[in-house]
Structures are given as structure tokens and as C-alpha cells.
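S.K.: In my numbering, the protein residues as written are 141 to 683.
Backbone N, C-alpha and C define an ideal beta-carbon position, used for all residues, glycine too.
Can you read through this structure? Questions will come right after.
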Amino acid sequence: MIGRDMRDFGRKFVVACLLAGTAALPLVGATPSVVQAQEISGFAQAVAETAAANPALGAFYAERSYKPIWTTAEAAPRRAAFFAALDQAGAHGLPVARYGAEDLRNRFATIETERERGQLEAAVSLAYLAWARDISSGALEPQKIDAGIVREIIRPDPVALLNGLLNAPVPAHYLRGLAPHTPQYANLLRARLHLSEQIANGGWGAPVPAKHLGPGDTGAAVVALRDRMMAMGYMGRSISGSYDAALQKAVQSYQFDLGMKADGVAGEATMAEINTAPEERLKSVLVALERARWLNGRDLGQRHIWVNITDFTARIFDDGKMTFESVTVVGQNRSDRRTPEFSDEMELMVINPSWSVPRSITVKEYLPMMQRNPGAAGHIQLVDSRGRTVSRGSVDFSAYNARNFPFAMRQPPSSGNALGLVKFLFPNKYNIYLHDTPSKSLFQRDVRAFSHGCIRVGRPFDLAYALLAKQVDNPEDYFQSILRTGAETRVPLDKPVPVHLVYFTAWPNAQGRIEYRHDVYGRDGALYSALEKAGVALASLTN
């Protein structure tokens with residue numbers, strides 16, 4: 141009994157010494173210099189072994205001769221700030237279990253040897269680097285989840301993260317600064333909190349038991365619709381049992397926020413959205429937070445073009461204010477036609493463009509047509525390897541297949557050209573660009589995923605005028621004068637404009653209200669599954 145008490149006293153005294161930044165008591169009979177050397181060696185060796193999981197971390201400690209940054213009395217403010225940040229990881233929709241905060245805390249309370257202290261020192265640094273990387277640039281590797289997400293993510297340098305915290309006068313301020321500091325990210329965080337609270341309190345009530353409701357309707361379904369619109373914050377308290385003007389206005393506002401035809405009638409499509417559970421909306425917000433982190437560290441540009449694939453829109457922002465907007469058509473939901481996500485810079489526009497038909501379309505679509513009828517798609521020229529136009533009558537199309545077809549195809553400039561009368565280029569290896577189109581009727585659809593991957597713009601001339609306004613006095617006259625020539629003309633932009641092709645199913649509008657869109661390619665579903673697999677769980681966010 142006495143022996144156990146002495147061991148407990150000894151262990152507690154060692155912990156106190158370690159956290160006070162002093163060495164533990166020497167062993168009986170050992171000289172202080174020998175014991176000190178053994179302890180330093182044990183600590184350093186443990187740090188080196190544990191830090192080997194991250195070469196940059198190992199190099200960091202070696203450079204500073206294994207001097208600790210977490211496990212001394214002087215490190216207490218830094219340590220406290222980091223653990224407080226870990227306690228908030230769930231609020232950002234991060235995989236909390238990945239960082240092992242509870243285990244690290246327990247280990248601080250049970251240190252008995254310098255080796256254990258060294259292991260803990262490096263373990264905290266590994267947890268810090270994992271958390272800092274996740275909160276600043278995202279917890280997932282998106283290209284491993286969906287091949288269409290080809291965005292280049294700016295990952296922070298591990299040593300810079302360590303030195304930044306080490307040199308920070310106020311560690312808590314530095315840690316808070318690692319997350320995105322945009323109004324949109326802040327609004328998404330608020331939405332996550334609000335949805336979590338609503339789910340914890342029972343959600344938005346029972347689904348509305350109707351497929352269609354409109355002005356003049358009465359009954360239990362109308363009351364259920366009114367209750368749900370109140371719960372979602374689209375109207376104030378009311379006890380009316382009829383589909384009156386107030387309810388119509390609430391439904392209209394809701395439709396507007398979801399990018400639907402805002403007629404105030406709760407038709408089948410609107411009702412399906414209204415009956416979407418708050419848990420599903422929370423998933424969209426969590427994925428949006430992750431996507432926003434992927435953009436962190438990237439200068440969007442004082443002037444930039446923002447194309448949200450799920451919203452079917454293209455917008456220009458100048459100093460944070462939207463100055464242009466157009467509807468768009470994006471790629472079809474097929475494996476080889478979905479519009480990818482990435483950022484680049486628009487360098488020029490081509491007025492009266494010709495269309496060089498992509499090889500995939502040439503051999504998959506046009507070659508079979510010409511094998512059946514050599515005159516098919518006669519408005520498109522057949523071109524040989526030297527750029528010469530080839531007569532269809534001189535070619536035996538049956539002799540070729542997709543692998544050996546030796547010709548390219550090109551459509552000359554015209555009002556019927558597949559690219560319309562202007563295209564906007566930001567040269568990239570995916571051969572994606574914005575362009576006009578002769579197929580105007582598709583812009584009237586609510587869901588506009590019909591292209592081969594490029595983005596068709598509903599107001600292409602106005603987009604051209606907006607871009608040219610920065611470099612010519614009368615952009616409309618300038619553009620039209622080139623257009624009238626009918627000749628293919630390249631017009632460089634004096635200053636390239638950043639273009640961001642994004643995919644947000646939840647995103648705040650100018651007023652901060654979250655607008656929701658359909659997951660047209662299923663990417664968000666796959667991303668949420670990956671977040672869930674990594675440890676993000678709705679239940680933990682709503683407790």
C-alpha cells in the first residue's frame with residue numbers, strides 16, 4: 141500500500157515537473173548530468189520517432205534541436221488555445237475524431253516519463269497540422285472522390301503553420317485566422333448552427349400532405365404548409381387556414397431563393413423542395429463549407445467571373461458586388477459531359493468563331509452519322525491533317541473507326557454555328573470555355589444541363605460588352621463593328637479576368653440567406669458520404 145502511494149506521488153510529481161518545464165527527479169544513485177542526458181535523449185528520440193509520420197514535422201523539430209512547443213509551462217497559452225480550437229472543429233463541419241482531442245488531453249494528465257512526453261509532444265503537433273490543414277483548405281481530397289473536381293487546392297506549408305503559431309503573440313487569434321474569412325463562409329457557419337438547432341428542436345414539422353396547393357385553397361394541408369413556411373422563417377405567425385396573399389408571398393420568396401419560377405403557387409416541384417428535410421439541407425451546408433475551404437487562400441480577383449454549375453448562372457463581381465448576371469446551360473449529367481470544377485483566367489474572346497469539333501464528338505457522334513449517310517451534318521467541314529477541306533464524296537467512311545479516322549471537323553463562322561457568334565476563352569487542358577449558342581430555347585428550362593461540358597451563356601453579347609468596357613470607350617459599337625465583318629477575330633482582354641467554375645448546392649445570397657440548388661451531378665452526395673466516412677456526423681452536430 142505504501143509502495144503504491146509512493147508511486148502515485150512520484151508520478152504526479154514528475155507530471156508537475158514536466159508541465160513546469162523542468163526535468164524529472166533523477167534516479168537514485170545516478171549523477172544529474174547522466175540522468176539529464178538520458179532524459180533529453182529519450183525525449184528527442186520519442187519526438188523524432190513519432191514525428192516521422194510527417195517528414196516536414198520531423199525536419200521542424202530537428203531544426204530546433206527538439207525543443208518542445210506544447211509540453212512546457214511556457215506553452216500553456218498555446219496549448220489551451222489549440223484545444224479550444226479543437227473544441228470548435230465540429231462547428232466547421234470537420235471530422236472531430238481525426239484530431240483525437242480527448243486522447244491528447246488524457247495523455248497530458250498521465251505523463252510519467254520523458255519518452256511519453258516526447259511522444260505526446262509530437263502527437264499534438266501532428267494533430268495540429270491535421271486540423272490546421274483541414275480548416276484552412278479542406279478535409280477531403282476531392283479528385284479521389286469525383287474526377288470532375290479538378291480544382292487546384294492551395295494546401296498550407298506545414299512548417300509555416302508551425303512557425304506561424306509559434307511566433308503568434310496571441311495564439312488564439314492566429315488559429316482563428318486559419319479558417320476562411322469571407323462573408324459567405326460566416327453565413328454558412330450561421331446556417332449550420334441554425335439548422336442544427338432546428339433539427340434538435342424537432343425540425344420543420346411534418347411534411348405537407350399535398351402535391352399542389354395554390355391561392356384560394358383551404359384545409360389541413362394549407363395549415364401544414366403555413367406552419368412549415370413559418371418554421372423555415374419565410375413568414376410570421378398566422379392562424380389563417382386559407383392560402384391567402386401572405387402565404388402566397390412566402391411561397392414566392394421561397395421559390396425565388398431556390399431559383400424556381402416564383403409564381404407563389406406550391407406546385408409539385410415546389411412542394412418537393414418544401415418537404416425536403418432540414419437534415420438534407422444541413423448536409424448541403426456542410427459540403428458547401430468544405431468547398432469554401434478549397435477556395436481559401438486563392439485570390440478570387442477584384443473582378444472575377446463566378447459560374448455556379450448547380451445554379452446555371454454566370455456572374456461578374458467587381459469589388460464584391462455583382463455587376464453582371466446571365467443564365468447558362470452546363471454539361472449533361474453523363475460521365476464524359478459534366479462540366480468540371482476549376483479556376484483559370486479568361487484571356488480573350490473570339491467574335492464570329494469557327495467550331496473545331498472535339499475529337500470525341502467527331503468519332504462518337506458524327507462518324508456513325510456519315511457512315512450511314514456521307515452527306516450528314518453537311519454544314520460541318522471535313523478537314524485533313526494539313527487543314528485542307530476534304531470533299532465528302534472522296535471518303536469511304538465505312539473504312540474507318542473511332543481509332544483510325546484521319547480527319548477533323550470544323551464548322552465555319554455563322555449565326556448557326558454551334559458556338560454562336562462569340563466565345564470566351566480561358567485556355568485549359570479540359571477544353572472548357574463560355575460561348576454563345578443558336579439553341580436559345582434551352583435557357584427557358586429550370587434545369588439546364590444539356591451541353592457537352594462547355595458553358596452556354598444566355599446573354600453573351602452583354603457579357604462581351606461588360607468585359608470590353610474596361611478597355612474600350614464604346615464596347616457595344618466596338619463589338620458590333622467586328623461582328624458585322626463576319627470574319628473570325630480574336631480580341632485579347634487587356635487584363636485577364638479570373639474565372640471560377642464552382643458547384644455549390646448551398647450558397648448565401650447578397651442578404652445572407654442560404655439558397656439551395658439541386659445536386660445535378662451527384663457530386664455533393666459523394667462528398668458528404670466521404671465526409672461522413674471521415675467522421676463528420678449530423679448527430680454530433682445537433683446534440
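Since S276 is in the alpha helix (DSSP H), which residue starts that stretch and which ends it?
M.R.: Where S276 is concerned, the enclosing alpha helix (DSSP H) stretches over 254 to 277.
S.K.: What are the start and end residues of each continuous alpha helix (DSSP H) run of 4 or more residues lying completely inside the region 511 to 591, in chain order?
M.R.: Segments of the alpha helix (DSSP H) lying fully in the region 511 to 591: there are none.
S.K.: When we look at the beta-carbon of P686 and count the other beta-carbons within 10 Å, is it buried (16 or more) or exposed?
M.R.: Here the chain has residues from 141 to 683 only, and residue 686 is not among them.
S.K.: In chain order, what residues of the same chain have a beta carbon less than 6 Å from the beta carbon of P282, not counting five sequence neighbours either side?
M.R.: Correct list, in chain order: I289.
S.K.: Using 8 Å as the Cβ pair cut-off and three pairs as the minimum, do the region 255 to 264 and the region 448 to 463 touch?
M.R.: With a cut-off of 8 Å, the region 448 to 463 and the region 255 to 264 do not count as touching, because too few Cβ pairs lie within range.
S.K.: Can we say the region 240 to 252 touches the region 441 to 448, given the rule of at least three CB pairs closer than 8 Å?
M.R.: No: the two stretches stay apart, fewer than three of their Cβ pairs being nearer than 8 Å.
S.K.: Is the Cβ-Cβ distance between V503 and L522 less than 8 Å?
M.R.: Not a contact, by the Cβ cut-off of 8 Å.
S.K.: At 4 residues or longer, what runs of the alpha helix (DSSP H) sit wholly inside the region 395 to 438?
M.R.: If we require 4 residues or more, the alpha helix (DSSP H) runs fully inside the region 395 to 438 come out as 408 to 414, 418 to 434.
S.K.: From the DSSP secondary-structure annotation, give me the bridge partner or partners of T629.
M.R.: Answer is I491, bridged to T629.
S.K.: May I ask which residues mark the beginning and end of the alpha helix (DSSP H) holding M375?
M.R.: Looking at the DSSP string, M375 is not in any alpha helix (DSSP H), and its letter there is neither H nor E.
S.K.: Could you give the DSSP three-state label for P498: helix, strand or coil?
M.R.: Reduced to three states, the DSSP call for P498 is coil.
S.K.: Are the region 479 to 497 and the region 556 to 564 touching, with three or more C-beta to C-beta distances below 8 Å?
M.R.: Touching, yes.
S.K.: Flag this pair as yes or no: are the beta carbons of G598 and E430 separated by less than 8 Å?
M.R.: No, they are not a contact pair.
S.K.: On the three-state DSSP scale, how would you describe P309?
M.R.: The answer is coil: DSSP assigns P309 none of H, G, I, E or B.
S.K.: Which residues does DSSP list as the beta-bridge partners of G471?
M.R.: DSSP lists S591 as partners of G471.
S.K.: Expressed to the nearest angstrom, what Euclidean distance is found between the alpha-carbon atoms of A202 and A193?
M.R.: If you take the alpha carbons of A202 and A193, they lie about 14 Å apart.
S.K.: Is the beta carbon of G304 sitting closer than 8 Å to the one on I293?
M.R.: No; because the gap between Cβ atoms is not below 8 Å, this pair is not in contact.
S.K.: Throw me the rounded Cβ distance for the G460 and V405 pair, which I believe falls under 8 Å.
M.R.: Contact doesn't hold; Cβ gap of about 35 Å is too wide.
S.K.: Identify the continuous beta strand (DSSP E) that holds A454 and give its terminal residues.
M.R.: Residues 453 to 458.
S.K.: By Cβ distance, which residues of its chain are closer than 7 Å to L623, with the 5 residues on each side in sequence left out?
M.R.: Excluding residues within five positions, the ones whose Cβ falls inside 7 Å are I491, N492, L561.
S.K.: E465 by DSSP, collapsed to three states: which one?
M.R.: If DSSP states are grouped into helix, strand and coil, E465 belongs with the strands.
S.K.: Quick one: give me the first and last residue of the alpha helix (DSSP H) that A221 is part of.
M.R.: 216 to 227 is the span of the alpha helix (DSSP H), which, as asked, contains A221.
S.K.: Going along the chain, which unbroken runs of the beta strand (DSSP E) with 3 or more residues stay wholly within the region 593 to 624?
M.R.: Listed in chain order, they are 595 to 597.
S.K.: What's the C-alpha gap between W210 and L280?
M.R.: Their Cα atoms are separated by approximately 27 Å.
S.K.: Can you check which of these residues, A272, V469, E465, A340, is closest to L315 by C-alpha distance?
M.R.: The shortest Cα separation from L315 among A272, V469, E465, A340 belongs to A272.
S.K.: Taking the Cβ atom as the reference point for each residue, do R238 and L335 lie within a distance shorter than 8 Å?
M.R.: Their beta carbons are not under 8 Å apart, which means R238 does not touch L335 by this criterion.
S.K.: For T479, does the three-state DSSP call read helix, strand or coil?
M.R.: Looking at T479 - three-state DSSP - the assignment turns out to be coil, as it is neither helix nor strand.
S.K.: Is there a Cβ from chain D that is less than 8 Å from the Cβ of L667?
M.R.: Of the protein chains in this structure there is only one, and it is not chain D.
S.K.: Counting pairs of beta carbons, one from the region 461 to 472 and one from the region 612 to 626, are three or more of them closer than 8 Å?
M.R.: No contact exists between the region 461 to 472 and the region 612 to 626.
S.K.: Can you give me the Cβ contacts of I654 inside the same chain, cut-off strictly under 6 Å, excluding the 5 residues immediately before and after it?
M.R.: Excluding sequence neighbours, I654 sits near A331, A646, P648.
S.K.: Between the alpha carbons of A241 and W434, how many angstroms are there, rounded?
M.R.: Taking the straight line joining both Cα atoms gives about 24 Å.
S.K.: Is A267 closer than 8 Å to G301 when the C-beta atoms are compared?
M.R.: Checking the displayed sequence, the identity of residue 301 turns out to be Leu instead of Gly. No, Cβ-Cβ distance for L301 and A267 is not below 8 Å.
S.K.: Using CA coordinates, which residue listed in A184, G626, L641 is at the minimum distance from S483?
M.R.: Answer by Cα proximity: L641.
S.K.: How would you label S265, buried or exposed, when you count the other beta carbons within 10 angstroms and need 16 or more for buried?
M.R.: It is buried - the Cβ of S265 has at least 16 other Cβ atoms within 10 Å.
S.K.: So, at 7 Å on beta carbons, what are the nonlocal neighbours of A386 in its own chain, with the 5 sequence-adjacent residues on each side left out?
M.R.: Cβ within range, chain order: M375, S378.
S.K.: With distances taken between CB atoms, is the gap from L197 to L306 smaller than 8 Å?
M.R.: No.
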